[in-house]
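First residue of the sequence shown? That's 10 in our numbering, and the numbers climb one at a time after it.
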Amino acid sequence: MTYEELQELHELLFKTMGLIHEKFIRQFPKESRQYQGIKKNHIMIIGFLYQNHVLTATQIAKMLNMEKGSLTTLIDQLEKFGLVIRHHDANDRRRTLISLTDAGKSEIEDIMKSSIQCIDKILSNSKPEELMKFVDSLKYIIQFMGKIKKVN
Numbered sequence: 010m011t012y013e014e015l016q017e018l019h020e021l022l023f024k025t026m027g028l029i030h031e032k033f034i035r036q037f038p039k040e041s042r043q044y045q046g047i048k049k050n051h052i053m054i055i056g057f058l059y060q061n062h063v064l065t066a067t068q069i070a071k072m073l074n075m076e077k078g079s080l081t082t083l084i085d086q087l088e089k090f091g092l093v094i095r096h097h098d099a100n101d102r103r104r105t106l107i108s109l110t111d112a113g114k115s116e117i118e119d120i121m122k123s124s125i126q127c128i129d130k131i132l133s134n135s136k137p138e139e140l141m142k143f144v145d146s147l148k149y150i151i152q153f154m155g156k157i158k159k160v161n
């Protein structure tokens, strides 16, 4: 790609992230209704764990673009609430894995229901054919991004 094409891609990526955040993410629940003290980053962590089942702290830190030390505090808090559990990797005892407890799964499913209701309101005035095109585009983006190799 030329520099100009890469520059356009950069602008499109940032516009897309900004619009998704503005139109969707900011509208989603920012706190737990059941657990006093559970905030946005806690919800993001249990959301990532729900989708991935098991992650290391390093993996979560990369997903949140956060220092591992800052993340440890959040995971400690989630563990105190009984929403996550730490356990050793059976293949490498030095590696700690993090997963959701049943209470954590229940909590994120409750939050997801609220988020889905929010999405329904946000998209209520959209035409069905536009919605299908939007969903198909998101599926393509996810599929394409899955093919991109990681650069460290």
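Built from N, CA and C at the ideal position, the CB exists for glycine as well.
Output the distance between the C-alpha atoms of residue i and residue j, rounded to the nearest integer angstrom.
i: residue 14; j: residue 113; result: 43 Å
i: residue 16; j: residue 25; result: 14 Å
i: residue 88; j: residue 99; result: 20 Å
i: residue 30; j: residue 58; result: 20 Å
i: residue 83; j: residue 60; result: 18 Å
i: residue 146; j: residue 85; result: 37 Å
i: residue 63; j: residue 11; result: 39 Å
i: residue 22; j: residue 56; result: 22 Å
i: residue 42; j: residue 91; result: 15 Å
i: residue 121; j: residue 37; result: 9 Å
i: residue 144; j: residue 151; result: 11 Å
i: residue 123; j: residue 149; result: 26 Å
Do residue j and residue i have their beta-carbon atoms positioned less than 8 Å apart in this structure?
i: residue 33; j: residue 125; result: no
i: residue 93; j: residue 109; result: yes
i: residue 105; j: residue 95; result: yes
i: residue 107; j: residue 66; result: yes
i: residue 44; j: residue 116; result: yes
Does residue i come out as helix, strand or coil in the three-state DSSP assignment?
i: residue 160; result: coil
i: residue 47; result: coil
i: residue 79; result: helix
i: residue 73; result: helix
What does a CB cutoff of less than 8 Å around residue i pick up in its chain, not counting 5 residues either side in sequence?
i: residue 39; result: 48, 49, 52
Less than 8 Å between CB atoms is the rule here; does residue i satisfy it with respect to chain B?
i: residue 19; result: Absence of chain B from the displayed structure is noted, only one protein chain being present.
Residues in the same chain with beta-carbon distance under 7 Å from residue i, minus the five sequence neighbours each way, listed in chain order, please.
i: residue 77; result: 66, 67, 70
i: residue 136; result: none
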